Structure formats: structure tokens, C-alpha cells
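2 protein chains.
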Amino acid sequence: MNTTPSIKQTRVLIVGAGPAGLGVSLALKKAGVTEQIVLDAREVGAAFRSWTRGMALLTPSFFSNSFGLTDLNSIDPDTSPADFLNTQHPDGPSYANYLEAIVQHFQLPVQTGVKVTSVTKTPSNFTVETSQGLITAEFIVWAAGQFFHPRDRDFPGSQHALHNSAVKDWQELEGDSFTIIGGYESGVDAALNLINHGKKVRLISRGEPWASDHPDPSRSLSPRTLDRLREILKTPRKAESIEFVKNTTIKSIESSSGFWTLRDQDDIPIATTTRPILANGFHSGLDLVSDLFDYDKNSLPVFTEEADESSITRGLFYSGPSLVHRNALFCFIYKFRARFGVIAAEIARRLDLPNIEENLQSYAKAGFMNTDLDCCTNCECAIETNTSDTPEPASFT
Amino acid sequence: MNTTPSIKQTRVLIVGAGPAGLGVSLALKKAGVTEQIVLDAREVGAAFRSWTRGMALLTPSFFSNSFGLTDLNSIDPDTSPADFLNTQHPDGPSYANYLEAIVQHFQLPVQTGVKVTSVTKTPSNFTVETSQGLITAEFIVWAAGQFFHPRDRDFPGSQHALHNSAVKDWQELEGDSFTIIGGYESGVDAALNLINHGKKVRLISRGEPWASDHPDPSRSLSPRTLDRLREILKTPRKAESIEFVKNTTIKSIESSSGFWTLRDQDDIPIATTTRPILANGFHSGLDLVSDLFDYDKNSLPVFTEEADESSITRGLFYSGPSLVHRNALFCFIYKFRARFGVIAAEIARRLDLPNIEENLQSYAKAGFMNTDLDCCTNCECAIETNTSDTPEPASFT
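Quick note, the sequences are listed as chains W and V, same order.
In case it helps, this note's numbering puts the first sequence at residues 2 to 398.
In case it helps, this note's numbering puts the second sequence at residues 2 to 398.
And the structure:
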């Protein structure tokens, strides 16, 4: 192969040093893949570092690893955020510290501050343009950009709203009364924080997620959020501070001097004197590599069931919360990590490495190498079958 | 066999309709053992029904069953308290409701209000005296009495103290300032509740559990408790209300009119004008069947590693939080449930039932049939190895 000095070469390039990228990096290392590079445009766990103050993981961390029940927020079978951080619901910066500790401890080949600007498939490999020059790689694991793009341009006037992810600290917002668009996790989190700071809140949702009872945590409010909501409702002063507006889809926002007018599906106006807060999640696109994937009739990207590879670009794998199989979302850490070992094993196999199954035994045992997709997508609860209509999915933040 | 009409016969008698007994009953049913009876002196989940108001399970419930990560408080692979109760930390009565729902749904053969008064091993089986007559059984699974006997007679004058388990509601205690003996889970729980009700608290512990960092949750405060403690310490008024007294072993209590004097290992007196609160857990004895077990040099009961059977009484199995293997305690639900399938499989095997492994496949897969004791007892955390001296174990309540 003809290379110039400025072109770096690697076997596997992982883009994104969050849980999805680092998790695959660790699994690859375990599988014997030594030639790998992890790039991140910012820093390790960058998305977590920018979380609003007080925002925490929805899934509880608990050190039950030794019983085959790995901490739900771990990215490998042998570590535990609960044990490392001594907390059950790590906030963003704490979780980033856990990821940073993993990079240090396992000496993962992470390079931060390197922005990928294009990915091109060539007949023999991938050519990747970065802010620090070209890299060629045989395999790419895309694990980036999930929480870069707030859905803040979704309807006319939505740019007038303040996206919840842009808030550094709820305490800093001026005003006494707020209108929040979006009643899932991030909307309820915003509401709870504002109420705890003595504010009044109107919470508007397309559905009625606070009343949903779907067994899949990706499709209903998490137990922790329901617990926090109940706690608020126990205090009369706080309970009076929250107004739930259900089955209301905001279609537009107009901004005039000092007030905002929201209009719902029936054109009914809702006025507010503080900037409306938009808590509708992030675009879960595949960003720079979106053209290298195929999409199904619901516009969901298609991943191979064998190893979460692009169905149209061989060698390009995906790891992270946008993973979908059989219409089921893998949008929690404990869900998408189930494929870390699968991706690593497939890459190791193509590199003809020995003893792959043996090296990844702990991954298989702890559920980090799940090939039985049926088991992840068909959830049945023996003693509760009463489910309401499926609402829009909640994201893992 | 010669039976009189008043003698009931069964293959397996399970004593105790709490999580340990019901869990084995379900596993036995799954393994094909239809002739079984579950007895309880009181009601289903009775110990949980008597928990102090607001006391909750320490282990977080979360419905991640479909990813092979069964809710930590489930007693079988297919149910989830988080999903059933919509809460992360069920309180006692809620958890009892979950157990009750399981009994109903799976039609478990539970008989409540039947007190066992003696268990005798005969050459061919067991003879069990109960408040409703004799029962003979081929196998006994002892799963009772773990939380009946508070350690309230442990040192001179300890009867003057109020055991935390006797408190129905912390709000009802008269007085402004309290002294709590015991700094593990139940002591800290008492302290947090009292402080939240505006009281002052002195928390006395033999060690310094609030500073312990042992990775095994049985040997340090749980993440949830540490989170609650930190929350209290954030509010100056509340932080000032708690005094931590470490490395202090209370050796005696004297009661005079209107005040109590506690003395520590150096005979230093500590006076209090409210009745001291004793939060030192329960006697974890095997109760009526204690003579049917052997004990090791540390006075811990000996269980066979094959199936948690008494090493001296064939056919007598144990299920529950007093389980010990290789000095490791199985004192959380997610720990002792790892043996439900093991006990059930062993009994089914002795009854010559077919397809046992196949019938219990879901148990094996979900970690409810763990035969690898090493994996449960040697917990290593890759990124944190710094452990302090092992304190006394905390109980699962």
C-alpha cells in the first residue's frame, strides 16, 4: 500500500470516546485487537461533561457484578460506576470521570481534540479526514455525535425556545413560571429541578407519559423519575406548582417583546412570559456516516443482526444508543453494551485472531455479547401485562 | 407408610412465605415438583409488612430483565418489582404486595397462619409439628424467621433501648434529640428519618461504616444510603443535626428516671434523655432447625456447596439471607436467589423428575441457578482496589 508520511494507518478506528466507543475499544482489546485508535472531537465523555447541573443517569448503578448482574451503567463486565463513584445515579461529570478512569486504567488508545470531517469507503479500506490529517482504517466503529444535535429546529418558531440541553444550571434561569414542551425524561427532569428551586411549571406533552405503564424503560418514565415526581407531589406547595398538560402537540412558537405564544394541534394559543423550554431530545442521526447506512420504511437505519454493521458498507459498525433491532431501541447503556462483544468478536474474526471466544468469555457471561436479539426485544412481565399505548421513546439521558 | 387422618403428607415443605421461600417454591414448580406446601406463621411477606414506615429496599429495582439483568429484587427471572410497583426502592408493604401478586399469579400452594413448632428427622422423612397438626415431608426448605429476632439482648441493659424494628413510624417518637447505637444501614436509615422530621441525632458505631469503601454492598453502606446521607449533609441545618461517633462500642446501658447512660469500651459514659435506639440488626439464626445444622469454627452454619443442604441432615435445605459460602454472605435478595434453581434442581433430581435442566433453563440463564460459588464470592473491581478493613456485615434490610 502506498502511504505518504502524513497518513496514519490503523486496523480499527473508533470515532467517539463516550461509553459506546470506549466499550467497544475495551472489548476489542480483550479480543486481542491491539491496532486501534479511538478519536474524539472534544474529550472523554464530553457529552456527559456538558449535562445540566444535577442531571443524572436514569438507570441505577449498583455493584452486583460478582453475581453476573453487572452494574447497569458499566461499560465492561469488571467495573462499576456505583463502586467507583459511591453513588447510585451518577451525574454527567461524575460519569465522565468513571470513563476517564477506565481510559487510564486500561490504557486505551484515545486521542482527544481530533475532529473527524469525512469518512470515505475505498475498495480496500476507509479514508478518514480529521482535523489532524488523514487516517486509513480497515474497520470503523461509529460511536459519536449522539448528543450533539438538539431537536431545536423541529417546528416553526422552535428556535425561540431554549433547549433544555443548553441550560447549565436550572437555578440560573430568570423568572418564576416556566412552560416546558416535552413530558418525557428531560422535560420532567427540568420541571422537577425548577420546582425544587421554587418555580412554577407547566409541562406540555404530546401524550401522557407520566401515566404510562409500558414495561420497557425506553418507552415510559423511569422508576427514579416516577419516584421523584411522587416526592414532589407529596408537598402541597410543590404539587400546586406543577400543571400537567397532556395530549397537546405544540406546532409553532411566536415571539413578541416579552412574551411567547405557543400553538397546539388545534391552534389553541398558550402564552408565557418566560422563554419556553424545549425538552424534546436529540437528533439521533448517524451524522457524518449517515449516507453509508441504509434505512427502513420508518427511516430507521438498518444494522446487520450479526454484528451491527452497515448493511451497505462492509466494515462500518455502529455502537451506541441509536441502535435499533426489530423496532426495539437500544437506547440505554445496559442495552447497547450487549453488543460490544458481538462487534469486537466479528472484527477479531475478520482479522483472523486466535482464541476469540475464549478471550471474550467474560463478555459472553455478563451479557456483553448478546447474539439472541429476541431476548432483548420481547420483554414480557409475568405478573403485569396491562400496558397502555406506546408513547414516543425516551432517550437514555 | 402408616398415616392417621390428621397427618398431612407432602413431598416438599417450605417454611416461610417471604422472598426466600416463595422463590424456591416457584423454582420447584418450574422444575416439575407439584407436591409442595409453603407454610407461614403469619402472612405472605410478613416481615416486610412490619417494616418501619418509609423504610425501603436498599437494592434498586429496575426492569432490565429482558437483557438478562433481572431486577435485583425479583424472586424469579420473569417478574420485576420496578415494573409491578413503578418504584425503584419499594418500601416494606409494597414489596409484600409484589410477593402476594406472585403467589396469586402462579397459584403457589401457600398456607398462612400456620406456625411450625418442631421439625424432627425420622429415618425416612421429616415430621413437622404445626399449629394445625402434623405434616410429614420428604424434603424441607427452611426459609423462615430471619427477621423475627432483633438483637435486643446483646449486652447488659440493652433491653432499655428501643430496637429500630419496633418503631412503626419515626414521626411518632417523642423528643428532639436521639442517640442511635449502630451505624450501618438500619442505624443510618433511622438517623436520616429522624433528621428529616426535624430531630437531632447522635449516631454511634463500632467502626466508621459511613467512610467504608468495600466493594461488596453487604459490607459497606449502599449507594442509595450514601446518596441520602450526602443529601442531608448538603443542607446546613440538617448537617448540624447529625453527630457521627466512630470506633465506639456500647457495652452497657443504665436507665434512671428520665435519662439513660451508655458506656463504651473505655467505660466512658454517654448520657441521653430519650430512650436510646438500638439499630444492630437481627439474630440470623436458623431458629427451630438450628440443631439440624453443623457449624464452623466461626459459629457459621455449614451448607453443602452442591445445594445449600445441611451437612448433617440430608433433605433439609436452607434458602435465605443467612446463607454463607466461603465466608461470603448471601444477604441480599439478588444474592440468595442465585441458589433457588440449585436447590430446586437437586430436589427434583432426587425425585427422579425428567427434563430438569431444560425446565430450569431460564433460571440458569438469568443467574438464579448459580453453581459457580467462586464467582459470587470473589468480587474484584478492575478500576478500584482500595478497600478499607472489612466492617461487620450489613443486613439486607
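Beta carbons are placed, not taken as given, at the ideal position from N, Cα and C, and that holds for glycine.
In this text the structure is predicted, and so the values were computed from the model without any measurement.
A direct Cα-Cα distance of roughly 9 Å separates E36/V from L14/V.
Contacts with chain V at 7 Å (Cβ-Cβ) do not include G24/W.
S206/V and T262/V have their alpha carbons spaced roughly 16 Å apart. Between A367/V and G69/V a beta carbon distance of about 6 Å is seen, short of the 8 Å cut, so the two are scored as contacting. Not flagged as an interface residue toward chain W: T372/V, since no C-beta distance is shorter than 7 Å. A direct Cα-to-Cα measurement between R154/V and I344/W gives close to 58 Å. Proximity of chain V to L227/W at the Cβ level (cut-off 9 Å) is accounted for by N87, T88, Q89, in chain order. Chain-ordered listing is empty here: chain W has no CB closer than 8 Å to the CB of F341/V, the nearest sitting near 13 Å. When the Cα atoms are used, Q105/W and R338/W turn out to be separated by approximately 20 Å. Here P20/W carries a helix assignment [DSSP, helix/strand/coil]. T131/W has its alpha-carbon roughly 5 Å from the corresponding atom of K116/W.
Only exposed fits A212/W, as fewer than 16 other CB atoms lie within 10 angstroms of its CB.
Chain order gives the chain V residues near S65/W as L73, Y335, where near means a beta carbon separation below 7 Å.
Note that the C-beta distance between P302/V and L287/V is below 7 Å. By the Cβ criterion, the segment 224-243 of chain W is not in contact with the segment 263-280 of chain W, since fewer than three pairs of Cβ atoms, one from each stretch, lie closer than 8 Å. When only Cα atoms are considered, F63/W and A97/W end up about 17 Å apart. According to DSSP, residue pairing for G134/V in a beta bridge involves T131/V. Within the segment 214-261 of chain W, the complete beta strand (DSSP E) segments of 3 residues or longer fall at 243-246, 253-257, listed in chain order. Residues of the segment 40-64 of chain V that bring their beta carbon within less than 7 Å of a beta carbon in chain W comprise T60, P61, S62, F63, F64, in sequence order.
Take the alpha-carbon of V325/W and the one of H150/W: they are about 19 Å apart. When the beta-carbon positions are compared, T113/W and E44/W come within less than 7 Å of each other.
At a cut-off of 7 Å between C-beta atoms, F179/V does not count as an interface residue with respect to chain W. Residues N165, I181, I182, G183, S187, G188, A191 of the same chain have their beta carbon placed closer than 7 Å to that of A280/W, with the five preceding and five following residues left out of the count.
When secondary structure is reduced to three states using DSSP, E310/W falls in the strand class. Within the same chain, Cβ atoms closer than 7 Å to the Cβ of A144/W are found at I15, V16, G17, G19, A21, G22, V25, S320, G321, the five residues on either side in sequence being excluded.
With its beta carbon at least 7 Å from every one in chain W, F149/V lies outside the interface.
Non-local beta-carbon contacts of S75/V in its own chain, meaning distances under 6 Å to residues more than five positions away in sequence, involve S81 in chain order. Scanning its chain for C-beta atoms nearer than 7 Å, with the 5 sequence neighbours on each side dropped, one finds around V290/V the residues V120, W143, L317, in chain order.
Using a CB distance cut-off of 7 Å, A83/V counts as an interface residue toward chain W.
The C-beta of F283/V comes no closer than 7 Å to any C-beta of chain W. In this structure, the straight-line span from the alpha carbon of S323/W to that of I313/W is close to 17 Å.
For L70/W, the residues of chain V that pass the 7 Å Cβ criterion are L70, L73, Y335, G368, in the order they occur in the chain. Within the model, the alpha-carbon separation for S242/V versus W171/V is close to 16 Å.
The beta carbon of P224/V falls within 7 Å of a beta carbon belonging to chain W, placing the residue at that interface.
Using a Cβ distance threshold of 7 Å, P91/W and F369/W do not count as a contacting pair. For G146/W, the closest C-alpha among the options R350/W, D84/W, S285/W, L354/W is that of S285/W.
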